[in-house]
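Numbering (this note's numbering), first residue to last: 9 to 147. In what follows, a structure is listed as structure tokens, so that the remarks can point back to it.
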Amino acid sequence: MTKLRYALLRHECPPDYRDGPHWDLLLERAGVDDEARLATWSLLELPAAWSRSLRLQPTGTTADAIEATPLPDHRAFYLDYEGAVSADRGVVSRVAGGAMNWLRSSGGTIEVELLAPGPLRGTIRLTEGDPWRLTWRQS
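Here it is in structure tokens:
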């Protein structure tokens with residue numbers, strides 16, 4: 009397994025933008041061109057355990073399984089970026105990040121392990137569907 013990186017960004021959008029405030033989950037993939045290196049999902053809320061671990065206000069759920077909306081792949085640049093997003097799409101701030109391993113990516117299921125010493129340690133399972141589901145299992 010190759011250690012790669014992940015980031016969780018808070019994306020604050022302008023009032024007239026089509027998407028409201030949300031979280032962007034970015035998962036780095038090995039062997040993919042820099043322009044599309046990050047598999048990305050938009051999250052309207054966070055798993056309850058993430059809010060606790062990151063000392064954030066609860067986002068409305070008490071569950072560790074939430075909806076996730078796939079977004080176009082992002083550039084690796086966003087793993088460390090904080091600031092304005094092009095085309096007046098708001099501002100992002102990095103809330104968490106660290107090392108991760110891909111465990112599985114097949115049959116409509118993606119599993120990654122978020123590693124210590126980052127603030128989130130455990131396994132993310134993303135299951136394809138309408139909507140996609142993100143399930144968190146704390147280590």
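The beta carbon of each residue, even a glycine, is placed where N, CA and C say it ideally should be.
In chain order, 36, 42, 45 and 46 place their CB closer than 8 Å to the CB of residue 84, counting only its own chain and leaving out the 5 sequence neighbours on each side. DSSP places residue 42 within a helical segment (H, G or I) once states are collapsed to three. Between residue 105 and residue 126, the C-beta spacing is below 8 Å. Residue 70 counts as exposed, since fewer than 16 other beta carbons sit within 10 angstroms of its beta carbon. Assignment of residue 15 by DSSP, reduced to helix, strand and coil, places it in the strand class. Around the Cβ of residue 32, a 10 Å sphere holds 16 or more other Cβ atoms; the residue is buried. Residue pairing of residue 111 in beta bridges, as defined by DSSP: absent, with no partner found.
DSSP places residue 60 within a helical segment (H, G or I) once states are collapsed to three. Between the C-alpha atoms of residue 38 and residue 12 there is a straight-line separation of about 7 Å.
Closest in alpha carbon position to residue 19, among 94, 73 and 109, is 94. Counting along the chain, the unbroken beta strand (DSSP E) around residue 146 starts and ends at 140-146.
Residue 119 and residue 25 have their C-alpha atoms some 31 Å from each other. Taking residue 16 as reference, the option from 22, 110, 23 and 58 with the minimal CA-CA separation is 58.
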